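One structure is given here, and the rest of the page talks about it.
2 protein chains.
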Amino acid sequence: MKRDARAALGVFDSGLGGLTVVRALREALPHEDIIYLGDTARVPYGTRAPETVVRYAMACANHLVARDVKALVIACNTVSAVAPERLRVELDLPVLGVIEPGARAAAAATKNFKVGVLATAGTIASGAYPRAVAAASTRIETVGQPAPLLVPLAEEGWVTGDVPRLAARRYLEPLAEAGVDVIVLGCTHYPLLFPIIEREAKDMIGEHVTIIDSAHAVALEVANFLEGRELLREASHGPGSIQLLVTDRPKSFDDTASRFLGSVTNGAEQVDL
Amino acid sequence: MKRDARAALGVFDSGLGGLTVVRALREALPHEDIIYLGDTARVPYGTRAPETVVRYAMACANHLVARDVKALVIACNTVSAVAPERLRVELDLPVLGVIEPGARAAAAATKNFKVGVLATAGTIASGAYPRAVAAASTRIETVGQPAPLLVPLAEEGWVTGDVPRLAARRYLEPLAEAGVDVIVLGCTHYPLLFPIIEREAKDMIGEHVTIIDSAHAVALEVANFLEGRELLREASHGPGSIQLLVTDRPKSFDDTASRFLGSVTNGAEQVDL
Chain A
1 MKRDARAALG VFDSGLGGLT VVRALREALP HEDIIYLGDT ARVPYGTRAP
51 ETVVRYAMAC ANHLVARDVK ALVIACNTVS AVAPERLRVE LDLPVLGVIE
101 PGARAAAAAT KNFKVGVLAT AGTIASGAYP RAVAAASTRI ETVGQPAPLL
151 VPLAEEGWVT GDVPRLAARR YLEPLAEAGV DVIVLGCTHY PLLFPIIERE
201 AKDMIGEHVT IIDSAHAVAL EVANFLEGRE LLREASHGPG SIQLLVTDRP
251 KSFDDTASRF LGSVTNGAEQ VDL
Chain W
1001 MKRDARAALG VFDSGLGGLT VVRALREALP HEDIIYLGDT ARVPYGTRAP
1051 ETVVRYAMAC ANHLVARDVK ALVIACNTVS AVAPERLRVE LDLPVLGVIE
1101 PGARAAAAAT KNFKVGVLAT AGTIASGAYP RAVAAASTRI ETVGQPAPLL
1151 VPLAEEGWVT GDVPRLAARR YLEPLAEAGV DVIVLGCTHY PLLFPIIERE
1201 AKDMIGEHVT IIDSAHAVAL EVANFLEGRE LLREASHGPG SIQLLVTDRP
1251 KSFDDTASRF LGSVTNGAEQ VDL
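Protein chains in written order, with my numbering: chain A, 1 to 273; chain W, 1001 to 1273.
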């Protein structure tokens, strides 16, 4: 099916953390319209069974497909670990997850073939990153480190100061000991902590260490993909819009959304899936 | 129905945090046999719909009832907020939740009628503590403070040092400003952080502040209850046993269980609900 370059990009996540991907997409693709769907009524997906995650992901995807998006971006590590293939098969639409781009960027950046991953306990346990890195190069060893404090730190907006600094150092320690030269931030919440993680990693591992923000990595792949398929919206149409959809309106929605998006939101529409 | 004093106490929780209640029960009631069921396959309950929580709680309770327990202790704030009445009606068994005892102890301890509660965002949002405190005394004002970092800190075993100290201070600040003289630790994970929270609270509010550990409060109510009904197991039977049941065996089960229980476990049996 021929897609329309003027159509919007569809992005979805279990909650609001995926807005860091919207932020990265906005920077890489300033002229694209973006529709973001956060399944805030059922967040977090990380504790659900894989078949439940696939079912929820399908509901999100179908909602966006009904809005005629030209491509789907899964801005959720849990969904990206279990559902992209299923969505690709069932939807006949370009579907990009958030794990593979980060893993490919890490594989391209490492010089000593040792990659570290910071992510939630669920993502680390899923083994999705080692698999995705191995798909890019079997020579690379991947060291996973669950970092459970980083999500609440990002959600609370505690992104500077001693608490996040000391937490980051504690999680980086095993990665430093393993001698990694690349660290993937494998959770959509972590870009908010990028500056502090990068600074502490350089202090502990050295100036040569590369931190891969997977939100940024997926935005670059989306840009390449759209360009390759001649699906970029023309600059002459002006700056793209951002439309926010949620399945439940959390109390502190505006604060949280603005924090992840990096700019003020103009509200969100509540939808049923 | 006449219960048997020799029967065990049944305790259940969505996961392993409720083992802090087992620890408090063991201290208060050294001769009781305790069967603990952790629904680790479906943890956390905090993000589920209330009717789902009731359904899960009923499954846990029925499993323990089938093991002939003489009373049920709900060692889970989420279940205690929505399910005790339903369980009492359907099971015809004494059922003690973890919220009411903590709230009553706080109401008894406050001298200026201002009580603070530290709990998860879900428990604070449920309004269960203000309701339970008001049931004890309508004169008391209850100030709730969500403390999302404390659960991962307890689970990671980060209970001393700067990270928990600074996190605790940040959560205590609004409670200190509100002028509370009693603080309830309204989450089964928090007893691990009792020493650091008490120290910082005394520093910020004054030596007169009282910290209520709800695990301890529920253990005292269980002891009173069993004594009043002549259901205490006789000391001549010797020290009570602790039997652990889980619905899924997390990788780091022994470490985590020992941390919450405060002593080494001798393993857990996996059961289906």
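Using N, Cα and C, we set each Cβ at its ideal position, and we do this for glycine too.
Quick caveat, the model's predicted, so the values are computed rather than measured.
Chain W contact for Asp162 of chain A (CB, 7 Å cutoff): Numbered from 1 along the first sequence, position 162 holds the residue referred to as residue 162 of chain A. With respect to chain W, the C-beta atom of Asp162 of chain A has a partner C-beta closer than 7 Å.
Phe260 of chain A to Thr78 of chain A span [Cα, whole Å]: Your numbering for residue 260 of chain A matches position 260 in the first sequence. Your numbering for residue 78 of chain A matches position 78 in the first sequence. Their Cα atoms are separated by approximately 18 Å.
Identity of the residue in W:Gly1015, W:Arg1055, W:Pro1030, W:Ala1168 nearest Cys1009 of chain W by Cα: For the purposes of this step, residue 1009 of chain W is taken as residue 9 along the second sequence, with counting starting at 1. At residue 1009 of chain W the sequence reads Leu, which differs from the Cys that was named. Closest in C-alpha terms to Leu1009 of chain W, from the list W:Gly1015, W:Arg1055, W:Pro1030, W:Ala1168, comes W:Pro1030.
Span of the beta strand (DSSP E) around Asp1203 of chain W: Taking the first residue of the second sequence as 1, we reach residue 1203 of chain W at position 203. Counting along the chain, Asp1203 of chain W sits inside no beta strand (DSSP E); it lies in the alpha helix (DSSP H) bounded by residues 1194-1205.
Beta carbon of Val1143 of chain W nearer than 7 Å to that of Leu1192 of chain W: By one-based count along the second sequence, residue 1143 of chain W stands at place 143. By one-based count along the second sequence, residue 1192 of chain W stands at place 192. Not in contact: Val1143 of chain W and Leu1192 of chain W (Cβ atoms no closer than 7 Å).
Per DSSP, the bridge partner or partners of Tyr1036 of chain W: Indexing the second sequence from 1 puts residue 1036 of chain W at position 36. Bridge partners of Tyr1036 of chain W: W:Val1011, W:Leu1244.
In DSSP terms, what Glu1269 of chain W is bridged to: Along the second sequence, read from residue 1 onward, the residue named residue 1269 of chain W stands at position 269. Beta-bridge pairing links Glu1269 of chain W to W:Leu1245.
Local Cβ density within 10 Å of Gln1145 of chain W, reported as buried at 16 or more and exposed below that: Locating residue 1145 of chain W in the second sequence gives position 145, counting from the first residue. Its Cβ being crowded by 16 or more others within 10 Å, Gln1145 of chain W is buried.
Interface residues of chain W facing Ala167 of chain A [CB-CB closer than 7 Å]: Counting from 1 along the first sequence, the entry for residue 167 of chain A is found at position 167. What Ala167 of chain A touches in chain W, judged by beta-carbon distance under 7 Å, is Val1163, going in chain order.
Close beta carbons around Leu1149 of chain W, own chain, < 6 Å, minus the five adjacent residues each side: If you number the second sequence from 1, residue 1149 of chain W lands on position 149. Taking C-beta separations shorter than 6 Å and ignoring five residues to either side along the sequence, the partners of Leu1149 of chain W in its chain run Ala1167, following chain order.
Own chain residues within Cβ distance below 6 Å of Ala105 of chain A, not counting five before or after: In the first sequence, the residue the question calls residue 105 of chain A occupies position 105. Taking Ala105 of chain A as the centre and dropping the five residues before and after it, the same chain places the C-beta of Ile212, Ala217 closer than 6 Å to its C-beta, in chain order.
Reduced DSSP category for Glu234 of chain A - H, G, I as helix; E, B as strand; rest coil: Here residue 234 of chain A is taken as the residue at index 234 of the first sequence, counted from 1. Glu234 of chain A: coil per DSSP, three-state reduction.
Sub-7 Å separation of Glu100 of chain A and Ala132 of chain A beta-carbons: Taking the first residue of the first sequence as 1, we reach residue 100 of chain A at position 100. Taking the first residue of the first sequence as 1, we reach residue 132 of chain A at position 132. For Glu100 of chain A and Ala132 of chain A, yes; Cβs fall inside 7 Å.
Burial state of Thr1256 of chain W, where buried means 16 or more other Cβ atoms lie within 10 Å: Here residue 1256 of chain W corresponds to residue number 256 of the second sequence, with the count starting at 1. Buried, because 16 or more other Cβ atoms sit within 10 Å of the Cβ of Thr1256 of chain W.
Neighbour flag for Leu64 of chain A against chain D, beta carbons, 7 Å: The structure shown contains no chain D; its protein chains are A and W.
Uninterrupted alpha helix (DSSP H) stretches inside the stretch 1147-1196 of chain W (no shorter than 4 residues): Entirely contained in the stretch 1147-1196 of chain W, the alpha helix (DSSP H) runs reaching 4 residues are, in chain order, 1150-1156, 1162-1178.
Cβ neighbours of Gly46 of chain A in the same chain (closer than 7 Å, five flanking residues each side left out): Start at 1 with the first residue of the first sequence, and residue 46 of chain A comes out as number 46. Taken in chain order, the residues that qualify are Thr78, Thr120, Gly122.
Test: Pro1130 of chain W CB closer than 7 Å to a CB of chain A: Here residue 1130 of chain W refers to the residue found at position 130 when the second sequence is read from its first residue. It does not; no Cβ of chain A falls within 7 Å.
Buried versus exposed call for Asp39 of chain A [16 or more other C-beta atoms within 10 Å across all chains shown]: Locating residue 39 of chain A in the first sequence gives position 39, where the first residue counts as 1. With at least 16 other beta carbons inside 10 angstroms of its own, Asp39 of chain A counts as buried.
Length of the line joining the Cα atoms of Asp68 of chain A and Ile1140 of chain W: Against the first sequence, residue 68 of chain A aligns to sequence position 68. Against the second sequence, residue 1140 of chain W aligns to sequence position 140. For Asp68 of chain A and Ile1140 of chain W, the distance between alpha carbons rounds to 55 Å.
Those runs of the beta strand (DSSP E) which lie wholly inside the stretch 69-128 of chain A and span at least 3 residues: Correct list: 71-74, 114-119.
Status (buried if at least 16 other CB within 10 Å, exposed otherwise) for Pro174 of chain A: The residue labelled residue 174 of chain A in the question sits at position 174 within the first sequence. It counts as exposed.
Cβ of Tyr1149 of chain W within 7 Å of any chain A Cβ: As a first step, residue 1149 of chain W is located in the second sequence; it is residue number 149 there, counting from the start. With the sequence shown as reference, residue 1149 of chain W is identified as Leu, and Tyr is not the correct amino acid for it. Taking 7 Å as the CB threshold, Leu1149 of chain W lines the interface with chain A.
Under 8 Å by beta carbon: chain A residues contacting Glu1155 of chain W: Your numbering for residue 1155 of chain W matches position 155 in the second sequence. Correct list: Pro148.
Helix, strand or coil at Thr1256 of chain W [DSSP, three-state]: Translated into the one-based positions of the second sequence, residue 1256 of chain W becomes position 256. Three-state result, Thr1256 of chain W: helix.
Segment contact flag, the stretch 176-184 of chain A with the stretch 105-118 of chain A, C-beta cutoff 8 Å, min 3 pairs: In the pairwise beta carbon analysis, the stretch 176-184 of chain A is classified as touching the stretch 105-118 of chain A: at least three pairs are separated by under 8 Å.
Residue from W:Arg1023, W:Tyr1036, W:Arg1086 with nearest C-alpha to Ala1268 of chain W: Taking the second sequence and counting its residues from 1, one reaches residue 1268 of chain W at position 268. It is W:Tyr1036 whose Cα lies nearest to the Cα of Ala1268 of chain W.
Chain W within 7 Å of Pro152 of chain A, Cβ atoms only: Walking along the first sequence from the start, residue 152 of chain A turns up at place 152. Yes, its Cβ sits closer than 7 Å to a Cβ of chain W.
Simplified DSSP state of Val1264 of chain W, which is helix, strand or coil: In the second sequence, the residue the question calls residue 1264 of chain W occupies position 264. Val1264 of chain W: coil per DSSP, three-state reduction.
Coarse secondary structure for Thr1138 of chain W, derived from DSSP in three states: For the purposes of this step, residue 1138 of chain W is taken as the residue at position 138 of the second sequence. Correct three-state label for Thr1138 of chain W: coil.
Partner residues on chain W for Thr47 of chain A, Cβ-Cβ distance less than 9 Å: Taking the first sequence and counting its residues from 1, the one referred to as residue 47 of chain A is at position 47. Under the 9 Å cutoff, chain W gives Arg1042, Val1043, Pro1044, Thr1047.
Three-state secondary structure (DSSP) of Val43 of chain A: Residue numbering aside, residue 43 of chain A sits at position 43 when the first sequence is read from its first letter. Per DSSP, reduced to three states, the secondary structure at Val43 of chain A is coil, with no helix or strand assignment.
Residue from A:Leu93, A:Ala103, A:Gln243, A:Ser126 whose Cα sits closest to the Cα of Thr138 of chain A: Translated into positions along the first sequence, residue 138 of chain A becomes position 138. Of the residues A:Leu93, A:Ala103, A:Gln243, A:Ser126, the one whose Cα lies closest to the Cα of Thr138 of chain A is A:Ala103.
Gly17 of chain A vs Thr188 of chain A beta-carbon contact at 7 Å: For the purposes of this step, residue 17 of chain A is identified with residue 17 of the first sequence, where counting begins at 1. For the purposes of this step, residue 188 of chain A is identified with residue 188 of the first sequence, where counting begins at 1. Contact flag set, yes.
Close beta carbons around Pro239 of chain A, own chain, < 7 Å, minus the five adjacent residues each side: Indexing the first sequence from 1 puts residue 239 of chain A at position 239. Cβ neighbours of Pro239 of chain A beyond the five flanking positions: Pro30, His31.
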